[in-house]
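Residue numbers (our numbering): 71 to 387.
Written below as structure tokens is the structure these notes are about.
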């Protein structure tokens with residue numbers, strides 16, 4: 071396969087399989103196969119075999135012309151040391167460890183909640199001088215502690231008054247920078263990166279480590295990135311409690327043609343808010359992701375792992 075400048079990475083678990091299916095459909099519609107190299111789908115679930123089989127049979131066809139570029143990776147293929155678990159922290163680890171598999175210059179990290187709503191051009195992700203295009207923003211207060219701890223690890227000052235890399239997806243990571251960061255952490259700690267991160271128990275996030283390491287070895291983010299407006303609008307958990315914010319997000323999806331990605335947290339779909347859900351459906355229909363309410367209802371529920379499969383992991387075989 072010809073080397074492409076950008077890979078795409080999504081870490082998924084069982085509850086998000088239907089959202090991954092919607093994401094795959096959006097990629098088939100809006101991602102040019104010539105733009106991306108490998109699409110990594112990393113399975114981070116206790117039912118590795120069942121989830122992997124489900125993706126092969128029910129989701130892979132949704133990638134359409136991108137199908138040959140999809141590589142499904144079980145978490146254990148990345149993990150070398152330490153207990154992994156299957157939660158939020160191990161998901162963050164996988165987003166970084168995949169840099170050792172990627173052969174691209176950079177990779178776009180997605181969550182399963184992300185799906186594309188407009189064509190993604192090369193100009194949308196890379197500048198004329200070959201810097202990656204990303205929005206920057208002030209570090210969110212809830213992540214400042216992790217950012218400060220990461221900066222301390224790499225010997226730089228945490229400046230909360232200057233724009234920083236985003237803390238949400240889509241996130242474009244320079245692959246070599248991640249590989250070097252993994253090696254730097256392992257050299258400092260004397261442990262495999264995954265063990266170090268899991269033992270830190272939330273003292274870092276994947277993006278705070280990346281941002282701090284970038285500052286320590288390259289300095290200003292403008293060296294690697296050209297600033298652009300945020301390319302995504304996301305309905306996060308708790309959207310129902312802030313209807314004004316939810317309306318702003320949904321309005322931006324319609325009005326801002328620079329926005330190429332939408333995000334809907336699974337908790338928002340499960341809440342089934344009578345004001346928010348119909349608007350989400352309208353957006354999905356407008357951008358050709360679903361045909362009607364019946365199909366949309368499928369994506370708003372989670373996939374059920376069979377009871378026999380849930381019990382299998384406890385059998386001594």
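By construction, the Cβ of each residue, glycine as well, lies at the ideal position given by its N, Cα and C atoms.
Checklist entry - By how many angstroms is the C-alpha of residue 164 removed from the C-alpha of residue 386? => result Only weak support is given to the placement of residue 386: the predicted model assigns it a pLDDT of 49, under 50, and the question is left unresolved by the model.
Checklist entry - Over what stretch of residues does the alpha helix (DSSP H) that includes residue 224 continue unbroken? => result 214-224
Next on the checklist: Does residue 329 come out as helix, strand or coil in the three-state DSSP assignment?
Outcome noted: coil
Checklist entry - How many angstroms separate the CA atom of residue 117 from the CA atom of residue 372? => result 15 Å
Checklist entry - In its own chain, which residues sit with a C-beta less than 7 Å from the C-beta of residue 201, not counting the 5 before and 5 after it? => result 294, 295 and 296
Checklist entry - Rounded C-beta distance between residue 77 and residue 110? I'm assuming under 8 Å. => result 6 Å
Checklist entry - Using a Cβ-Cβ cut-off of 6 Å (strictly less than) and excluding sequence neighbours within five positions of residue 71, which residues of its own chain qualify? => result Below a pLDDT of 50, predicted positions are generally treated as unreliable, and residue 71, at 47, falls in that range; no measurement from the model is reported.
Item to check | Alpha carbon of residue 145 to alpha carbon of residue 216, nearest angstrom | outcome: 24 Å
Checklist entry - Does the distance from the CB of residue 179 to the CB of residue 239 come in under 8 Å? => result Between residue 179 and residue 239, the CB-CB gap stays under 8 Å.
Next on the checklist: In the DSSP output, which residue or residues are listed as bridge partners for residue 144?
Outcome noted: Answer is 113.
Next on the checklist: For the beta strand (DSSP E) containing residue 180, name the first residue and the last one.
Outcome noted: 176-181
Checklist entry - Looking only at DSSP bridge pairs, what is residue 302 linked to? => result 331
Next on the checklist: Checking 8 Å against the spacing of the C-beta atoms, do residue 196 and residue 203 come in under that value?
Outcome noted: Yes, Cβ-Cβ distance for residue 196 and residue 203 is below 8 Å.
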